[in-house]
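Under the UniProt record's numbering, the first residue of the sequence shown carries the number 1, and numbering increases by one thereafter. Every residue, glycine too, gets a C-beta built ideally from N, C-alpha and C. The structure presented is a predicted model; accordingly, all values stated were derived computationally and were not measured. For reference, the structure is listed below as structure tokens.
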Amino acid sequence: MKLGVLKIGVDVAAVVDKQSLEQQYPKLFQGVGKLNSKQVSLHINPEVKPVAQPLRRIPFNLRGAVEARIKQLMDMDIIEPVDGPTPWVNPVVIVPKADKDVRLCLDMRRANQAIERERYPIPTVDEILQGMNGSTVFSKLDLKWGYHQLELSPESRGITTFAVHNGVYRYKRLIFGVCSASEQYQHEVANALAGIEGVENISDDIIVHAQDQDTHDKRLHAVLTRLMERGLTLNPDKCQFNMDKLVFMGILLSEKRIGPTEERVRAVAEAREPENAADQREKHHHGSDEYVRFVAVSATPKALTTREVEEASATDPELIEVRKAITNGRFENCKAYAAVANELCVVGYLVLRGTRIVLPRSLHARALTLAHEGHLGIVGTKQHLRTKVWWPGMDRAAEKHCKECHGCQIVSRPDPPELLRPTPLPDGPLADLAVDLLGPLPSNHSILVVVDYYSRYYEYDILTSTTTEKVIDSLESIFSRHGLPVTLKSDNGPQFKSELFRVL
């Protein structure tokens, strides 16, 4: 004030908070950004033949959520519809969420066989922590929808094509599941932040750190300015600013030490030693129990209850053996399930195959009746069953049920009989002949019969052997009396198809 100068602008060394940062960088915290400096390319091996995989049917109860997700992604310019033929089609995996929303994932295993990786190195956690020694102030930034902020070049989009029940689409942005995605994403984010000190990142997690508050604030403003210039955006709900301790990749960072979090220490201290294989499996999969239970409830047909299916499964002899086999890995007593052993799991007394419930035998007939409501035919009945349930031989049971349905038999038309095609009458006798072998008879003899199509006159010869040579000798004897015919028809027996018969 003594100099009579009024300072206008932001003091970058001032202590920052989330609210002030959102006001100062409004575009940085809105929507899903897009890196504006370049488009990333997927290097595709032209020698690998493209694969268009069949559509995986989506359960009817999830189709509304899938359609909403597709519309959202199109509105955000993340996917686009495909017009015309496409050599690549990847199946879709739908992951239900607890809030009735869904996550859309692509099974890129076949496509990844054609994608060549760029092999950019990804830093380890130890390398990141080494650069943070001595820091006392931390901020953690989270890039919103990480991979989707990198735009794919037009020639790289075709390999991300996928099909759902309402159309064929492809991604315009990089997606999770591409074998080279993690290293490409790490490389581009590191390049975007290059030249700024005190910044570390692994994938979409960015850490800004410094030994004092002023230095930290300067570095944080530099990072936010750079991200906004590059067109990237942050998820404000996952960002943390001006922290004296911070959890990063499961490790607690503070001014005093780098070590494990209290939750991890407590989990190890309170963990009990597994007593059997079931305890060991429960230890590793306890966190997924809630999701599996949700899938089981969703897989139950609306005309049945989960409790009803579980009670029937508890006493079903076949499913009792299946539950034992899932536990011990031995499927000798239920071989029909061995081919899908890796897809099976148990929730209480329920057995699931993926997202479909394995029905006990007592409910098979009821499920078939429900699926065949409206007399949809074999294809429609199978489609209804496949969205919710499964058991070995389900498709054959559906076909049998439809064919035995009285209503379907009444309204369906029987297959028309094939038209009779009589043999035209020859112009004269012994011009067109037919030949066949009868036997072997109980006496081990065979009879060679030759019939004239014109007069129905026939001759026969009793043979003790039906080799080509014997048949030719018998025919030569008959032809020597009546002359050679114009045509000779047979049933394509091996004697009449042999090379010797053709030559003579």
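Option nearest residue i by Cα separation, candidates the options
i, options, result
"V125", "V66, R69, H406 and I207", "I207"
"L352", "V309, K335 and H384", "V309"
"H482", "T464, R502, G493 and E459", "E459"
"H445", "T467, G348, Y457 and K400", "T467"
"T327", "N342, T315, A336 and R110", "N342"
"E183", "A194, L129 and S203", "S203"
"K144", "V358, V451 and L28", "L28"
"A312", "V51, G348, E255 and Q53", "G348"
"residue 530", "G393, L368 and L420", "With the chain covering 1 to 504 only, the question about residue 530 has no answer from this structure."
"I320", "G31, S37 and R361", "R361"
"S443", "P429, Y185, M228 and I462", "I462"
"T86", "E200, Q53 and Y453", "Q53"
"S474", "N36, I78 and V450", "V450"
"S455", "P429, P440, S465 and V93", "P429"
"V247", "P416, L129, F331 and V189", "L129"
"K34", "V164, T233, C179 and Q23", "T233"
"S412", "G377, I196, E22 and S20", "G377"
"V48", "Q113, L363, L420 and G177", "Q113"
Contacts around residue i, its chain only, beta-carbon distance under 8 Å, and the 5 residues preceding and following it disregarded
i, result
"P424", "none"
"C345", "V292, I326, V351 and L352"
"F501", "T468, V471, I472 and Q495"
"G198", "S135, V208, H209, A210, T215, H216 and R219"
Proximal residues to residue i (C-beta, below 7 Å), its chain only, five neighbours per side dropped
i, result
"C408", "H375 and C402"
"G493", "L437"
"A111", "W88, N90 and I159"
"G146", "Y185, S203 and D204"
Assumed close pair residue i, residue j - CB separation to whole angstroms, cut-off 8 Å
i, j, result
"D205", "D142", "6 Å"
"K100", "A65", "6 Å"
"L152", "Y171", "7 Å"
"Q149", "V32", "6 Å"
"T173", "I78", "One point to set straight first is that residue 173 is Arg, not Thr, in the sequence displayed. Indeed, because the Cβ distance is near 5 Å, the residues count as touching under 8 Å."
"E200", "G131", "6 Å"
"H165", "R63", "6 Å"
Chain D contact for residue i (CB, 7 Å cutoff)
i, result
"E263", "Of the chains in the structure shown, none is chain D; there is only one protein chain."
Contact set for residue i: own chain, Cβ-Cβ below 6 Å, skip 5 residues either direction
i, result
"F496", "S490"
"A371", "T381, H384 and L385"
"D17", "none"
"L104", "R69"
"A338", "F331"
"L359", "A367, V389 and W391"
Quick test of the definition: if touching needs 3 or more C-beta pairs under 8 Å, does the stretch 32-46 touch the stretch 110-123?
Proximity of the stretch 32-46 to the stretch 110-123 meets the contact definition, three or more beta-carbon pairs being nearer than 8 Å.
Residue ranges of each beta strand (DSSP E) within the stretch 341-423, 3 or longer
DSSP runs (the beta strand (DSSP E)) wholly in the stretch 341-423: 344-347, 350-353 and 356-358.
Any 3 or more C-beta pairs closer than 8 Å across the stretch 239-255 and the stretch 154-161:
Cβ pair count under 8 Å is below three, so no.
Would you call the stretch 55-65 in contact with the stretch 385-397, where contact means no fewer than 3 C-beta pairs closer than 8 Å?
Contact holds: three or more Cβ-Cβ distances are below 8 Å.
Ignoring anything shorter than 3 residues or poking outside the stretch 102-139, list the beta strand (DSSP E) runs there in chain order.
DSSP runs (the beta strand (DSSP E)) wholly in the stretch 102-139: 102-106.
Check whether the stretch 484-491 touches the stretch 426-438, taking contact to mean three or more Cβ pairs, one atom from each stretch, closer than 8 Å.
Contact between the stretch 484-491 and the stretch 426-438 is established, with three or more Cβ pairs separated by less than 8 Å.
Would you say the stretch 208-225 touches the stretch 131-141, given that touching needs at least three Cβ pairs under 8 Å?
With a cut-off of 8 Å, the stretch 131-141 and the stretch 208-225 count as touching, because enough Cβ pairs lie within range.
Contiguous beta strand (DSSP E) assignments of at least 3 residues, all confined to the UniProt domain "Integrase catalytic" (425-504):
Within the UniProt domain "Integrase catalytic" (425-504), the complete beta strand (DSSP E) runs of at least 3 residues are 432-438, 446-452, 458-463 and 487-489.
Whole alpha helix (DSSP H) elements within the stretch 192-275, 4-residue minimum:
DSSP runs (the alpha helix (DSSP H)) wholly in the stretch 192-275: 213-229 and 262-270.
Could you pull out every unbroken alpha helix (DSSP H) segment of at least 4 residues lying fully inside the stretch 31-90, listed in chain order?
Entirely contained in the stretch 31-90, the alpha helix (DSSP H) runs reaching 4 residues are, in chain order, 60-75.
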